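K.L.:
Chains as they are written, first to last, in the working numbering: chain L, 1 to 640; chain R, 1001 to 1261; chain X, 2001 to 2243.
Backbone N, C-alpha and C fix where the C-beta goes; we use that ideal spot for every residue, glycine too.
In this text, all values refer to a predicted model and were calculated from it rather than measured experimentally.
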Amino acid sequence: MSINLDSKIPSGPLAQKWEKHKFECKLVNPANKRKYTVIVVGTGLAGASAAASLAELGYNVQAFAFQDSARRAHSIAAQGGINAAKNYQNDGDSVYRLFYDTIKGGDYRAREGNVHRLAEVSTSIIDQCVAQGVPFAREYGGTLSNRSFGGAQVSRTFYARGQTGQQLLLGAYSALSRQVGLGTVQFHGRSEMLDLVLVNGHARGIVTRDLVSGKIETWAADAVCLATGGYGNVFFLSTNAQGCNVTATWRAHKRGALFGNPCYTQIHPTCIPRSGDHQSKLTLMSESLRNDGRVWVPKKAEDTGKNPVDIAEDDRDYYLERIYPAFGNLVPRDIASRAAKRMCDEGRGVGPGGLGVYLDFGAAVKRLGKATVAERYGNLFDMYQRITDENPYEVPMRIYPAVHYAMGGLWVDYNLMSNVPGLHVLGEANFSDHGANRLGASALMQGLADGYFVIPYTIGQYLATSGQKKLTGDEPEFKQAVVETKARIDKFLAIGGKRSPTSFHKELGLLMWENCGMARNREGLLHNLERIPQIREEFWNNLNVLGDGDSYNVGLEKAGRVADFLEFSELMCRDALHREESCGGHFREEYQTEAGEAERNDEDFTYVAAWNYTGDLSAPELIKEPLIFEEVHPTTRSYK
Amino acid sequence: MSGHGHGSGSGLNLTLKIWRQKNAGTPGGLVSYQAHGISPDMSFLEMLDIVNEQLAERGEEPVAFDHDCREGICGMCSLVINGNPHGPDSATTTCQLHMRRFKDGDVITIEPWRAKPFPVIRDLVVDRSAFDRIQAKGGFVSVNTGGTPDANATPIAKHEADLSMDAAQCIGCGACVAACKNASAMLFVGAKVSQYLHLPQGQPERYRRVLAMVAQHDAEGFGGCTNYQECEAACPKEISVRVIAEMNRDFLRATLIGTEL
Amino acid sequence: MDGDVIKVPAPGVSKVIDRLLASTIGQKAIMAVTGFALVGFVFVHMAGHLQMFQGPEAYNKYAHMLQGMGGIKWGLRGLLLVGVFAHMWAGVRLMMRNMSARPDNYAVNKWLAASASAKTMRVTGPIVLFFIVYHLLHFTLLKVSSQGFEDMVYQLNGVGDVPDVYQRMVVSYQNPVLTAIYVLSVTLLGTHLAHGIQSMFQTLGLNNNTYRPAVQVASRALALIAVLGFVAVPLAILAGVIK
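1) Does His-578 (chain L) pass the burial test, meaning 16 or more other C-beta atoms within 10 Å, or should it be called exposed?
2) Below 8 angstroms on the Cβ atoms is my contact criterion, and I expect Ala-1234 (chain R) with Pro-1085 (chain R) to pass it. Report the Cβ-Cβ distance as a whole number of Å.
3) Give the DSSP bridge partners of Lys-1017 (chain R), in chain order.
4) If you measure between the beta carbons of Ile-1110 (chain R) and Ile-1050 (chain R), is that distance less than 8 angstroms?
5) Just confirm the distance between the C-beta atoms of Val-1141 (chain R) and Ala-131 (chain L), as a whole number of angstroms; I'd bet it's less than 8 angstroms.
6) Between the alpha carbons of Leu-463 (chain L) and Gly-1221 (chain R), how many angstroms are there, rounded?
7) Which chain L residues sit within Cβ distance under 7 angstroms of Asn-1152 (chain R)?
8) Looking at the strands, I want to know which residues DSSP matches up with His-586 (chain L).
9) Looking only at its chain, what residues have a beta carbon closer than 8 angstroms to the beta carbon of Gly-2003 (chain X), apart from the 5 residues adjacent to it on each side?
10) Would you grab the beta carbon distance between Ile-399 (chain L) and Gly-356 (chain L) for me? Rounded to a whole angstrom, and I think it's under 8 angstroms.
11) Check whether the Cβ atoms of Ala-1056 (chain R) and Gly-555 (chain L) sit closer than 8 angstroms, and answer yes or no.
12) Which whole-angstrom value describes the C-beta separation of Leu-2222 (chain X) and Leu-2193 (chain X), a residue pair presumed to lie in contact below a C-beta threshold of 8 angstroms?
13) Using the Cα positions of Glu-484 (chain L) and Trp-219 (chain L), report the straight-line distance between them to the nearest angstrom.
14) Report the rounded CA-to-CA distance for Ser-2100 (chain X) versus Pro-1027 (chain R), giving the unit in angstroms.
15) Which runs of the beta strand (DSSP E) at least 3 residues long sit entirely within the segment 1029-1096 of chain R? Give them in chain order.
16) What does Lys-1116 (chain R) reach in chain X if we use C-beta pairs closer than 8 angstroms?
17) For Lys-1017 (chain R), would you say it is in contact with chain L, using Cβ-to-Cβ distances shorter than 8 angstroms as the test?
18) Taking the alpha carbon of Arg-316 (chain L) as the reference point, which residue from L:Tyr-358, L:Ile-335, L:Ala-52 has its own alpha carbon closest?
19) Going straight from the alpha carbon of Ala-1183 (chain R) to that of Arg-1208 (chain R), what length do you get?
20) With distances taken from CA atoms, which of L:Arg-111, L:Lys-86, L:Arg-209, L:Lys-104 is nearest Thr-157 (chain L)?
21) According to the neighbour-count rule (16 or more other Cβ atoms, all chains shown, within 10 Å of its Cβ), is Ser-1008 (chain R) buried or exposed?
22) Counting only beta-carbon separations shorter than 8 angstroms, does Asp-2002 (chain X) have a partner in chain R?
23) According to the neighbour-count rule (16 or more other Cβ atoms, all chains shown, within 10 Å of its Cβ), is Glu-1046 (chain R) buried or exposed?
24) Grab me the residues of Val-214 (chain L)'s own chain with a C-beta within less than 6 angstroms of its C-beta, minus the 5 sequence neighbours each way, in chain order.
25) Mapping the DSSP letters down to three states, classify Cys-271 (chain L) as helix, strand or coil.
26) For a quick check, are the C-beta atoms of Ala-50 (chain L) and Ala-70 (chain L) less than 8 angstroms apart?
27) Is Val-1051 (chain R) close to chain X, meaning its C-beta is less than 8 angstroms from at least one C-beta of that chain?
28) Listed in chain order, which residues of the segment 2102-2124 of chain X have Cβ atoms closer than 8 angstroms to some Cβ of chain R?
29) In the segment 1230-1261 of chain R, which residues sit with their C-beta less than 7 angstroms from some C-beta in chain L, listed in chain order?
30) Given that Leu-359 (chain L) touches chain R, what residues does it touch there, using C-beta distances under 7 angstroms?
31) In the DSSP assignment, what residue or residues form a beta bridge with Tyr-2154 (chain X)?
32) I believe Ala-436 (chain L) touches His-586 (chain L) by the beta-carbon criterion, under 8 angstroms. Please report the beta-carbon distance rounded to the nearest angstrom.
33) Compare the C-beta of Ser-1002 (chain R) against all C-beta atoms of chain X and say whether one is closer than 8 angstroms.
34) Residues in the segment 1163-1185 of chain R with C-beta within 7 angstroms of chain L's C-beta atoms, listed in sequence order?
35) In this structure, how does DSSP classify Asp-2002 (chain X) when only helix, strand and coil are distinguished?
36) Threshold first: 4 residues or longer. Then list the alpha helix (DSSP H) segments lying entirely within the segment 2061-2138 of chain X, N to C.
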């Protein structure tokens, strides 16, 4: 099978592509919209905004979430802010600059057309959210406040204290709630998608399990949107919520949707280091801390055990300021994370296991006063103290990088449609806009751009032209999918082994972090490709899931998700192995400069790696979508 | 990967009395479990994770409890711990509660949120969809996507934006209901009402919103407010009962001026 | 689309009343407004009582003046009665609703913030009601503890014979048991008011974080003033200061 990937990027000048495309998209007339049903799986920023916007247009929407409410999605945890090219600060920002920063920040591994569109609609997002009653931070004059964020030299980040993601999600949730109240959206909470149903080659429905009753149900529609987030939990320990999983996108992949750039994962530099084996997740401290905090390690390895307060100024190495004087502590995430790892590899890391660096507010407290520091970061400091039992006003925080975001995801074209007709993928679940590294405060922007301002236009193009007949959900394809889903559940329950799903998840996660985490090399990846099938084999022979399939069963839910991680992780390693260069969040140790910086190989790897599933026993097929740069010419990313 | 120190002599040894209930239709009860070697650095939920792993090893079904982000913002975690919703620490969700708060030998009773509108789904998991139904009645500004004015077109006094944000911090966890002796959700409803009433964007639907949301609150079977202020003390986001005063004022005003629903 | 507005007739006064009676906030508002009236009565009543310190002439004159108010007196009595009844009705309605909102209670039940005054509203309310009934039977209807009251007559300057309510008070509260009942009941009334007054402000929305501490202090201070004002007279009688 050979797939011809068409990204459908409109022709013409970059700045006019989206305008032109919107005009060229076929429309569905208002009277016909109510005849179409759209399934939206996942109701975080991207899903909730899409479901609400599509319902406002007149479509019937069926929305699904594994949590009880759309308000729980992990978008809620984003702390720092959302970028928009408003240039309210008069500091030289523009749509083009946001576009440029994002392309550069993504290490020239994203599509120009998509990224420019993202920058264009960013301004509308802020307008929309303010109109919804999102209480962004404001100046005394009543105008919106901005701050700067990692990877940018302008202040374009809008924020609501340290809870921007929460406020934006609750805004989208409120828009969704309004449609639920109006009856245009049917919301199905505690309902997990377990399969995608294709009829006549088009995505026409899904299979879900009601997590409370265990009932397996099918839903037919005219189009399906997946907005199911990222796969960071493949590492077991990440900043993701416990429930985040790859199941929906992986199931879609196994039904034919290509997986794009799975090896691109973002490691966030400012997380609280782990404290022991019992750890179930890593907690992120907002990147905004780097605006006033200074990152350092002792100059001498023998000082790492000392109380940091006793280490003299001259004995401290403010390594980000030293190596990257232009951006200093505000270098992009991948750069900051790798620098921290390098310091720890040199034996200068601090805290348990030497896996930490200091983030010091001593100078900020002196300069601004404790009250100002508390006003800006008080809630983060409190959170840090609750977790570590240390007071960051007095002792420098310890931070260490942790898995945070998945840039990779299902491949989509400019219309956010995958290669499977009718299957649209939004937000973190798709691969599209961040290239190999995402800039801070850009995830919220992309999720809402996709849901509020892209899919409402582009889905019409598909619906108006697909020419598919109406389905009831009783077609043989649905019945077959139900049989397969039930068989899988029965299989989990029948194994009767000794090990819990979590123990397999931990084992896989450790392996992935060791060999496919912040730094990767050929040897480690090959080791993983050998080990993962072995773990998978043990999983299917020695798994212990108690209870039954007809009730609320946490172990069963977890087993399904871990099973998919065990398959997905292999693809991730395969992608990391094939990409023989370092770019963004993908750092191959074999490909680095003498100074230890990432070394890209534009000649051979300026493409999107889209993987096609060919069967459980055969290797996936690599399909390349070349990246064409008309505006920006890839250069070595320098933040020095 | 079995190195999480259970059975070792170090750490805390605790007696847990956990509410177990198969489903909404089956009566439940408190069951005692022993937890050994619990590290003080663990979060409360990580302690339960370990108890669950040990239960599974013994062939007993794990304790079901709601949780997701484990960083205190999604509002999914719950648990009444020794009579305290979200445990003994103020301004802290259960997922952010750490075991260093407990002493060796402690007996910890863990119960689900209790309210008629929050039926138990299993063990410690309750159904909080009543909150979503209240929200769907008016917890929004009726503005469609697109066609909105520039974000800076309407200045909003910082003070008002801050009051709005104070209320908007609600994570919808339901601790206010769990703590209230009347199982009232007034703090939840008040927080949503207050968020919008301090913003110009919330004005057009201000009175309709409060009437509709309070009506749904009452219809769900939540109790009424008797100003005990237990909710405020339990709220992990420290939402003040002033939001209830504001809601009361707007509700009465809306009623007296004959607002149409 | 909710843009297509369906014209609904304006709700009308009956709808306003329905909403007040049917909603939890409406019921609370009824308690607050009637509570406000009852608190007003408490303080007027207390001010009247304190005239005991001015001697029989002043006190009996005051009582005579009240008796002479005729229609106004009955109007006010009627309003008070309605107030008490509405306060009770709303209180009982809310209490029943609140009890049914938590059918299964916790094994470990803890209070986190409520004051003793707030926690005991359900108890202090009915006790105060019983006391008021007893108090009316005692002094107004002369049915209990009122032996000899009929014979106590006072010659008021320029008026002639009037009931000697001063003497009736003195005789009653020279009895330590009656004084003890009175002091206890009034203290419970004060406890009820300490939460009730601030609750009234909160329920009517006349509260915010600026005034909240002041409302709380004022509520407790007023409650204390009421208790002191009421107990002063019987204690003075018992101590022989008022004879």
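P.N.:
Here's the rundown:
1) exposed
2) In this structure Ala-1234 (chain R) touches Pro-1085 (chain R) by the C-beta definition: roughly 4 angstroms separates them, less than 8 angstroms.
3) R:Ser-1032, R:Thr-1109
4) Not closer than 8 angstroms, so no.
5) Indeed they touch by this definition, with Cβ atoms about 7 angstroms apart.
6) Rounded to whole angstroms, Leu-463 (chain L) to Gly-1221 (chain R) spans 43 angstroms at the Cα level.
7) Tyr-88, Thr-143, Leu-144
8) L:Cys-583
9) Low local confidence applies: a pLDDT of 45 at Gly-2003 (chain X) is under 50, so the model's placement there is unreliable, with the coordinate-based value given in what follows. Same-chain partners within the cutoff: there are none.
10) 6 angstroms
11) yes
12) 7 angstroms
13) 16 angstroms
14) 18 angstroms
15) Fully enclosed beta strand (DSSP E) runs of 3 or longer: 1029-1038.
16) Ser-2100, Ala-2101, Arg-2102, Pro-2103
17) no
18) Per the Cα distances, L:Tyr-358.
19) 24 angstroms
20) L:Lys-86
21) At Ser-1008 (chain R), the pLDDT of 42 sits below 50, so the modelled position is not reliable; the number obtained from the coordinates is stated separately. It counts as exposed.
22) Note that Asp-2002 (chain X) has pLDDT 44, beneath the 50 cutoff, so the model's placement of it is unreliable and the number below is only indicative. Output row for Asp-2002 (chain X): interface = yes.
23) Buried: at least 16 other Cβ atoms inside 10 Å.
24) Rather than Val, the amino acid found at residue 214 (chain L) in this sequence is Gly. Cβ neighbours of Gly-214 (chain L) beyond the five flanking positions: Gly-549, Asp-550, Ser-551.
25) strand
26) no
27) no
28) Arg-2102, Pro-2103, Asp-2104, Asn-2105, Tyr-2106, Ala-2107, Val-2108, Asn-2109, Lys-2110, Trp-2111, Leu-2112, Ala-2113, Ala-2114, Ala-2118, Lys-2119, Met-2121
29) none
30) Simply none; closest approach about 17 angstroms.
31) X:Val-2162
32) 6 angstroms
33) A caution first: Ser-1002 (chain R) carries a pLDDT of 35, below 50, which makes its placement in the model unreliable, though a value can still be read off. So, not an interface residue.
34) Ser-1164, Met-1165, Ala-1168, Gln-1169, Gly-1172
35) Because Asp-2002 (chain X) carries a pLDDT of 44, less than 50, the predicted location of this residue cannot be relied on, and no value is offered for it.
36) 2071-2100, 2116-2119, 2121-2135
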